[in-house]
DNA sequence: ACATAATTGCACGTTGTGTTCAATAACTTA
DNA sequence: TAAGTTATTGAACACAACGTGCAATTATGT
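So this is what it looks like as structure tokens:
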């Protein structure tokens, strides 16, 4: 690939990241990005069709990273460790999201994790699917699955809004407890 | 209030509702609304400053309705009935949202319940707050609260995307179970 | 060095926003 | 019903952003 293309691509991504720290996605214009990246506006269009296209690329980049980190972990099918395996995968994801803090914030800022959900949805569904039917028998599987996927997104959102203060391990623990992956929950009173 | 103002207000609201059935909020222009409402574009600006302003009004209208329906129910402080009281309030809300189906869809379509959350957030928080600390002791209260509020929004979203097919009673039941308001949940395996 | 390909800036048409204003129509109330 | 008030209308204006096209320039790979 042409060196020039790489440069401008990176410049665009970095500029976008920088802008996402200041503004919401909706309030960033292509002119803004071009100026921040120090490139011509028409150059932007040579790389991306729309602003959403750029966001797509950013999201799928994060997605690819998270995927590469967490998928290899899945090797044990031992039931006794299945929960800890899930928890570990969640911890990995949370670590990665914390490391990419500003980008994560940017992705979430544009519609409360809508895009995050769009890109991670399928992956998260696959991840949570094996556990669904074992937890709440009187509730439709697809409801439980949706509950977990959106719940995880809400968890990440809560976490980053609090400045990523609890550790990934703690956050994963909260999520596990709240979703019934524990021996003792509570009762009515 | 001048009869003319009432007319145009209603015309705008109805037009907005009609448009929300066809398009997403983001894709509706003020010109669209004016045309659909059969009023001059400048007349729109005499009533609302921006498109978001209109959405605000719509949301707070729904909010007011839900509030008036569910608040009076709260009179019992008996612990044994507190869960059913919560459940009943949820059922009331769900009924109301189903009755205003198209508007509900419109509100949710613009950012996966972002606006819904913004307007109902405080109310829902108040509603769920008394139950929070009694359920998951090892998890921060604000996390649990956030989990319930966003979880309820996700529930409504799941429900409307499935065409409101289960009854409000069933949906409320799913929500209650999944959030730990039950005697027997499940265990690891 | 030369052919190739990316970048640039400028121009153009389009769409939407928000404001202003004078003319017209509808309303209230006295 | 007549008079004064107030809402509506449509047209005009300035502005910002989008997306496209193109010729000139510049950097790249070989």
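Chains as they are written, first to last, in our numbering: chain H, 12 to 200; chain D, 12 to 200.
We put the beta carbon where it would ideally sit given N, CA and C, even for glycine.
Since the model is a prediction, treat every value here as computed from it, not as a measurement.
Annotated as proximal: residue 164/H and residue 128/H, with beta-carbon spacing under 8 Å. The alpha-carbon separation between residue 111/D and residue 118/D amounts to approximately 11 Å. Nearest to residue 172/D by C-alpha distance, out of 166/H, 157/H, 181/H and 177/H, is 157/H. Around the beta-carbon of residue 114/D, 16 or more other beta-carbon atoms lie within 10 Å, marking it buried. If the five residues before and after residue 37/D are omitted, its C-beta is found closer than 6 Å to no C-beta atom of its own chain. Contact of residue 150/D with chain H by beta-carbon distance below 7 Å involves 185, 188 and 189. With a threshold of 8 Å between beta carbons, residue 154/D makes contact with chain H. Assignment of residue 142/H by DSSP, reduced to helix, strand and coil, places it in the helix class. 186/D is the residue among 54/D, 61/D and 186/D whose C-alpha sits nearest the C-alpha of residue 154/H. Shown here, residue 109/H sits in a helix according to DSSP, grouped into three states. In this structure, DSSP gives residue 13/H a state outside helix and strand, which the three-state scheme calls coil. Within its own chain, the residues whose Cβ lies closer than 8 Å to the Cβ of residue 54/H, once the five positions on either side in sequence are excluded, are 19 and 45, listed in chain order. Put simply, of 22/D, 189/D, 107/D and 66/D the residue whose alpha carbon is nearest the alpha carbon of residue 146/D is 189/D. Note that the C-beta distance between residue 47/H and residue 29/H is below 8 Å. Residue state for residue 60/D is assigned as coil, using DSSP reduced to three classes. With respect to residue 102/H, residue 180/H sits close: the two C-beta atoms are nearer than 8 Å. Its Cα nearest to that of residue 56/H, the residue 16/H stands out among 16/H, 33/H, 25/H and 72/H. A straight-line Cα-Cα distance of about 11 Å links residue 51/D and residue 43/D. Listed in chain order, the positions of the region 127-143 of chain H with a beta carbon within less than 8 Å of a beta carbon of chain D are 128. The region 64-81 of chain D makes contact with the region 129-141 of chain D: 3 or more CB pairs, one atom from each, lie closer than 8 Å.
With its beta carbon less than 8 Å from one in chain H, residue 165/D belongs to the interface. Ranked by how close their Cα comes to the Cα of residue 108/H, the residues 174/H, 159/H, 64/H and 144/H have 174/H in first place. In the DSSP annotation of this structure, residue 150/H is not part of any alpha helix (DSSP H), being labelled neither H nor E. Chain H has a Cβ within less than 8 Å of the Cβ of residue 162/D. A straight-line Cα-Cα distance of about 41 Å links residue 68/D and residue 22/H. Taking a C-beta distance under 8 Å as the contact criterion, residue 41/H and residue 62/H qualify as a contact pair.
When secondary structure is reduced to three states using DSSP, residue 42/D falls in the helix class. Taking 8 Å as the CB threshold, residue 147/D lines the interface with chain H. In the three-state reduction of the DSSP assignment, residue 173/H falls in the coil class, being assigned neither a helical nor a strand state.
Residue 97/H and residue 167/H have their C-alpha atoms some 16 Å from each other.
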